[in-house]
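Counting the sequence shown from 1 gives a position; our numbering is that position plus 649.
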Amino acid sequence: MSQIYDYLKAHQQQMLAQVEQLVRSESPSTDKSMVDACGQLIARMVQSEFGVEPEVFHQSEQGDHLCARVGQGEKKVLILAHFDTVWEVGRLPYRVDGDVAFGPGIFDMKSGIVQALWALKAIRACGQELPVEVTFLFTSDEEIGSPSSRPIIEELAKDSDIALVVEPSVGKSGALKVARKGTADYLIQAHGIAAHAGNHPEDGASAIHELCAQVGRIIELQDPARGTTVNVGKVVGGSRSNVVADHAAIEVDVRFAEPDEAARIEAEMRSLASIDERVTLTVQGGINRLPLHQSEDSRKLFETAKQIAATQLGFQLESARVGGGSDGNFTAGVGTPTLDGLGPVGDGPHAEHEHIVVSGLPQRAALLAHLLLEM
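Below, the structure is given as structure tokens:
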């Protein structure tokens, strides 16, 4: 069995302590100051462990991104992680209950960051030489679609032999993610005519009524048999109940497994037309991530991980296809063999019960460490 795994098991509590530090440094995507504070904590961890000062990609609106290079070798490995979360500050408390730890972003995906750092630390502590150049990229805007980090991700991926994404595993199964759906986001706004709802309703043109009719059309675009889903997740509009609404908006999330479905949805969304000609519709947004499909090189990468798990770590590693997108969609999209879901075992991403299995931290870090050694 693995000496590296033994080392990490002996340091499980130190790993958990770093997880707690990151989780307590709350970092909602839309709060630049808090996201940057969390990023600075990660930078200090990297500096302390490896003596490397991360390069900072400064941003004016979103949080800054961090890049750190560790090791030398002909092969280059990109380890990709994000440290922003979906949670409002104070919404979830950090707590530990036996072998389970809860907190905002603990599963998605701050524990993955800690595991990645400890994977490299364990290699060195066990007297082994890191045979590759590892580039850590820590981004701050994944949960809002990676608007500012995407060009950085794609540029670094093109210069890397493989990309390893420490997003969480598939729940408590621990399965790695070998395929993901693509994603699209749309903001549809309606602009109508206000009027008194009691005295002169006929003079008004309701933006809300218009969008209610459009929602039916939009939902009909989904095709579950082909893996295409459509969700109207947010509705806002109007001013008062006795005023015909002159404005309204909806936000739409689309997931698709096939690239041609992306083209179909895009065309249909752009062709939406008002039922009430007095109401003006505008459509913003579009395709964000194309699907992540398992290439032959990515399949071989998973098989290597599966063999490591069975022969050196004592467990059976499975793979899965999932509906959520990640920055791994971008790395795969530029042709870099990508393995996703190498982060923690647990459950509840974006949910009140978000948590990790604490005893899984050493195992997942050891898996990543041995993958790097196999390169």
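Ideal placement from N, C-alpha and C gives every residue a C-beta, glycine not left out.
Query                                                                                                                                                                                         : Result
Taking 8 angstroms as the limit between beta carbons, can you name the residues of its chain near H942, skipping five residues before and five after?                                         : A828, A981
Go through its chain and collect everything with a Cβ distance to K725's Cβ below 7 angstroms, but skip five positions before and after it.                                                   : V781, E782, T784, D808, S809, D810
State the Cα-Cα distance for the pair T985 and L1017, rounded to the nearest angstrom.                                                                                                        : 18 angstroms
Please work out which residues of its chain come closer than 7 angstroms, Cβ to Cβ, to G720, disregarding the five sequence neighbours upstream and downstream, and give them in chain order. : L779, V781, E782, V783
Tell me the DSSP bridge mates of T980?                                                                                                                                                        : DSSP output for T980 lists no bridge partner at all.
Under a three-way DSSP split, which group does L921 fall into?                                                                                                                                : coil
Count the other CB atoms within 10 Å of the CB of K949; is the residue buried (16 or more) or exposed (fewer)?                                                                                : exposed
Go through its chain and collect everything with a Cβ distance to S822's Cβ below 7 angstroms, but skip five positions before and after it.                                                   : E967
Terminal residues of the continuous alpha helix (DSSP H) containing V815?                                                                                                                     : Neither: V815 is in no alpha helix (DSSP H) and is coded neither H nor E.
From the DSSP output, which residues share a beta bridge with Q933?                                                                                                                           : L836
Between which two residues does the beta strand (DSSP E) harbouring R693 extend?                                                                                                              : That residue, R693, is in no beta strand (DSSP E); its alpha helix (DSSP H) goes 681 to 699.
What residues in its chain sit with their C-beta under 7 angstroms from that of F620, if we drop five residues either side in the sequence?                                                   : Only positions 650 to 1024 of the chain appear in this structure, which leaves residue 620 out of reach.
Please confirm if the region 655 to 664 is in contact with the region 700 to 718, defined as three or more CB-CB distances below 8 angstroms between the two stretches.                       : no
Taking buried to mean at least 16 other C-beta atoms within 10 Å of its own C-beta, is K830 buried or exposed?                                                                                : buried
Please state whether DSSP places T953 in a helix, a strand or coil.                                                                                                                           : helix
In three-state terms, what does DSSP make of P998?                                                                                                                                            : coil
Would you say F979 and A806 are within 8 angstroms of each other, going by their C-beta atoms?                                                                                                : yes
Tell me the DSSP bridge mates of D872?                                                                                                                                                        : T877
Among the residues of its own chain, which have a CB less than 8 angstroms from the CB of I793, if the five just before and after it don't count?                                             : S678, T679, Q711, D733
Count the CB pairs spanning the region 744 to 761 and the region 987 to 1002 that are closer than 8 angstroms, and state whether there are at least three.                                    : yes
What ranges does the alpha helix (DSSP H) occupy inside the region 783 to 827, keeping only unbroken runs of at least 4 residues that lie completely in it?                                   : 799 to 807
For G865 and N880, I'd like the C-alpha separation in whole angstroms.                                                                                                                        : 11 angstroms
Output needed for G992: all residues of its chain with C-beta closer than 6 angstroms, excluding positions within five of it in sequence on either side, in chain order.                      : M758, G761, V815, E816, P817
Out of curiosity, what's the CA-to-CA distance linking A846 and H858?                                                                                                                         : 13 angstroms
Which of the three DSSP states, helix, strand or coil, is assigned to G761?                                                                                                                   : helix
According to DSSP, which residues form a beta bridge with A856?                                                                                                                               : In the DSSP output, where bridge partners are listed per residue, A856 has none listed.
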